[in-house]
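Participant: Numbering-wise (our numbering), the sequence shown opens with residue 24 and increments by one.
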Amino acid sequence: MTRQFLTRLALLPLLVLVFLGIVHAQDEASPPALPNVIDARITVAPDRARLVIDLAARTEFSFVSLDEPDRLAVDLRAGTFSVPEAEGNPAEAELVSSYAIEQAAADRVRTTLTLSAPAQVQQAYVLDPFDGQPARLVVDIIPATAEEFAANVERDRAASAGAPAVSTPAGGSELPIATKPLVVIDPGHGGIDSGAETAEGVREKDIVLAFSLRLQELLVESGRFDVALTRQTDTYLRLEERVALARANKADLFISIHADSFQQPEIRGASVYTRDENATDVLDKVLADTENRSDVIAGFTMPPMAPEVVDILLDLMRREMRVQSFMAAQSIVHQLEPSVALRRFPVRQADFFVLQAPDVPSVLVELGFLSNASDIANLMQSDWRDRTAEAIARGISTYFDSLQEEP
Ligand code: ZN
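1) Between the alpha carbons of E83 and V132, how many angstroms are there, rounded?
2) With a CB to CB cut of under 7 Å and the five nearest residues on each side skipped, what residues in its chain are close to R100?
3) In this structure, how does DSSP classify R18 when only helix, strand and coil are distinguished?
4) On the criterion of 16 or more Cβ atoms from any shown chain inside 10 Å, does G211 qualify as buried, or is it exposed?
5) For F375, which of V75, M403, H281, S394 has the nearest alpha-carbon?
6) Just curious, the beta strand (DSSP E) that L393 is in, first and last residue?
7) Nearest by alpha-carbon distance to A147: which of L138, T134, D163 is it?
8) With distances taken from CA atoms, which of R159, D98, I419, R94 is nearest P141?
9) Between which two residues does the alpha helix (DSSP H) holding E263 run?
10) Return the first residue and the last residue of the beta strand (DSSP E) that R94 is part of.
11) Tell me the rounded alpha-carbon separation between E343 and L268.
12) Less than 7 Å between the CB of E220 and some heavy atom of the ligand ZN, yes or no?
13) Go ahead and pull the three-state DSSP assignment for R408.
14) Identify every residue that forms a DSSP beta bridge with S121.
15) Can we count D283 as close to the ligand ZN, meaning its CB is less than 7 Å from some heavy atom?
16) How is V356 classed by DSSP in three states: helix, strand or coil?
17) Confirm the yes/no value for this check: CB of E497, any heavy atom of the ligand ZN, distance under 7 Å.
18) Tell me whether T313 sits in a helix, a strand or coil according to DSSP, three-state version.
19) Can you give me the Cβ contacts of Q353 inside the same chain, cut-off strictly under 7 Å, excluding the 5 residues immediately before and after it?
20) Who are A63's beta bridge partners in DSSP?
21) So R71 and I165 are supposed to be a Cβ contact under 8 Å. How far apart are they, rounded?
22) Which of helix, strand or coil does DSSP assign to V41?
23) Nearest-angstrom Cα distance between I387 and R366?
24) Whole angstroms is fine: what's the gap from V149's alpha carbon to P361's?
25) Using the beta-carbon count (16 or more within 10 Å), is P92 buried or exposed?
26) Between the region 304-320 and the region 235-254, do at least 3 Cβ pairs fall closer than 8 Å?
27) Is any heavy atom in the ligand ZN found nearer than 7 Å to the beta carbon of G211?
28) Can you give the Cα-Cα distance for D77 and S317, rounded to whole angstroms?
29) To which residues of the same chain is L89 closer than 7 Å at the C-beta, ignoring the five residues directly before and after it?
30) Would you call the CB atoms of F248 and R408 closer than 8 Å?
31) Of all the options R291, D424, R270, Q255, which has the alpha carbon lying nearest to the alpha carbon of Q379?
32) Secondary structure at A181, three-state DSSP: helix, strand or coil?
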């Protein structure tokens, strides 16, 4: 378990190399102007912290672990910084007790996090500017053991003593790969069931299929997952068949993709649902009811609802899946949050029939609503779709990381 997790961390330098590659490629075209650091902020939760640094433009970054006292430093290739509050103390310091920003060299701005417990970078990525927001670096930090932290300090010390600053990724990727988790992506609707539709003829079934294919591509590229789709083409599948496919293949995660419409056109933004047959939000209930009727729309009668659960083992399994589904929804929303507009309270519960597998963690992603003009504009934009698919792919990855971290 820990092994796989460490392997993932070992890939981080590779990510940095990829970013360096991108930036260098751009440099050849035009002489580099070092971007400025505009703002920085940190949020903390009991078992994680997130540092977000706003940038005038995309740039390179790297990390270094330091001890006495324990610190994590994030270096950015940047000209200056104009952070209103260059120092801060997160409210409930669990991992990070304070942070400070300094001009470490003419071309380098360093943000130093003072740690209250050993920690490590779980993942980091740069987002391009969007929706009038600047480019930004997002760094997620999670607890490490004292040994892991000491090893990172040692590695970084050796690197600064003359060895290459980033290690080659050779070792990490050549470890034998265990059976990969299977993710089943379910593009909603299809065939005679178009799903939601705009006045201009944009159909939910087409949008979610294209999106699902992109998400599949990203997950497969990560090398961590086997990915299956319930439908690859414009075909109709009953809800029951979608669930059955995930169960028969013992999927580790089922993710249904939708872009429905709401009666209230002002409601917008992405959200992630898990199943709760007792959920009380009226609008969500209408949404789920409409969705659950898609079989009827397509000429099939509703399959009989699952009988009252009497089997206590099945009940326990269901509860466990519910917890895992919720964790998955949270991980996905956590990654969507800095990237796209979310609905208020984006982790939601409703009684979606397609989420009923008792043995497969299942979530339903509403990318946005075809009843809202801003959401339609987003859904039609390839930039937005890429960014959202990337965020969901990261969310799926961090969800599986969190399963591995469990003792
Ligand atoms: Zn739908």
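Don't be surprised by glycine CBs; every beta carbon is placed ideally from N, CA and C.
Facilitator: By the coordinates alone:
1) In a straight line, the C-alpha of E83 is about 11 Å away from that of V132.
2) These residues qualify, in order along the chain: L57, T82, E83, D130, R131.
3) The shown model of the chain, from 24 to 430, leaves out residue 18, and the question about it has no answer.
4) Per the 10 Å Cβ criterion, buried.
5) Residue H281 is the option with its Cα nearest to F375.
6) Element bounds for L393: n/a, residue is neither H nor E.
7) The option with the nearest alpha carbon to A147 is D163.
8) Taking only the C-alpha atoms, the option nearest P141 is R94.
9) E263: member of the alpha helix (DSSP H) spanning 262-271, first to last residue.
10) Annotation for R94: the continuous beta strand (DSSP E) segment containing it runs 94-100.
11) Using only the alpha carbons, I get a separation of about 20 Å.
12) No, Cβ of E220 sits at least 7 Å from all heavy atoms of the ligand ZN.
13) DSSP, read as helix, strand or coil, puts R408 in helix.
14) Per DSSP, T137.
15) The answer is yes for D283.
16) When DSSP states are grouped into helix, strand and coil, V356 belongs to the helix group.
17) Residue 497 cannot be examined here, being either before or after the span of the chain that is shown, 24 to 430.
18) Residue state, collapsed to three classes: helix.
19) Around Q353: V370.
20) Answer is I76, bridged to A63.
21) Taking 8 Å as the upper bound for CB-CB distance, R71 and I165 are in contact here, some 5 Å apart.
22) Model confidence at V41 stands at a pLDDT of 43, short of 50, so the residue's coordinates are unreliable and nothing is read from them.
23) Rather than Ile, the amino acid found at residue 387 in this sequence is Leu. Roughly 14 Å separates the two Cα atoms.
24) CA-to-CA, the gap between V149 and P361 works out to about 11 Å.
25) With a threshold of 16 other beta carbon atoms within 10 Å, P92 falls short and is exposed.
26) Segments in contact, no.
27) Checking the Cβ of G211 against the ligand ZN gives yes.
28) For D77 and S317, the distance between alpha carbons rounds to 43 Å.
29) Non-local beta-carbon contacts of L89 in its own chain, meaning distances under 7 Å to residues more than five positions away in sequence, involve A96, V176 in chain order.
30) No, these two residues do not count as a Cβ contact at 8 Å.
31) Of the listed residues, the one whose Cα sits closest to Q379 is R270.
32) Residue state, collapsed to three classes: helix.
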